[in-house]
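Report on the following structure.
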Amino acid sequence: MASVITLQALHGLSDNETVDAVTFDLRWKAACGLPITAPAFHSTTLTYWRRRLAARRAEPDL
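For the sequence shown, UniProt numbering begins at 1 and goes up steadily by one.
As structure tokens, then:
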């Protein structure tokens, strides 16, 4: 998912546009290491992972 979020930021796409790119663009699938037959995911998955990454960055290093 990190590669998807990185590509999204590089291309300046919305969550819905990003899901479409991962679903239909073979270049995105290849860049993300996904098989051609990988199923689509819901755009809220990106929101979930961004929140997890932000929470992880907010934690102090041990």
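Idealized CB from N, CA, C, for every residue including glycine.
- Pairing Trp-28 with Val-22 gives a Cβ-Cβ distance under 8 Å.
- Its Cα nearest to that of Glu-17, the residue Leu-46 stands out among Leu-53, Leu-46, Arg-52, Arg-51.
- Ala-31 is not a Cβ neighbour of Ser-14, given a cutoff of 8 Å.
- Within the region 13-37, the runs of alpha helix (DSSP H) that reach at least 4 residues and sit entirely inside it are, in chain order, 15-24, 26-31.
- Per DSSP, Ala-58 is one residue of the alpha helix (DSSP H) stretching across 44-58.
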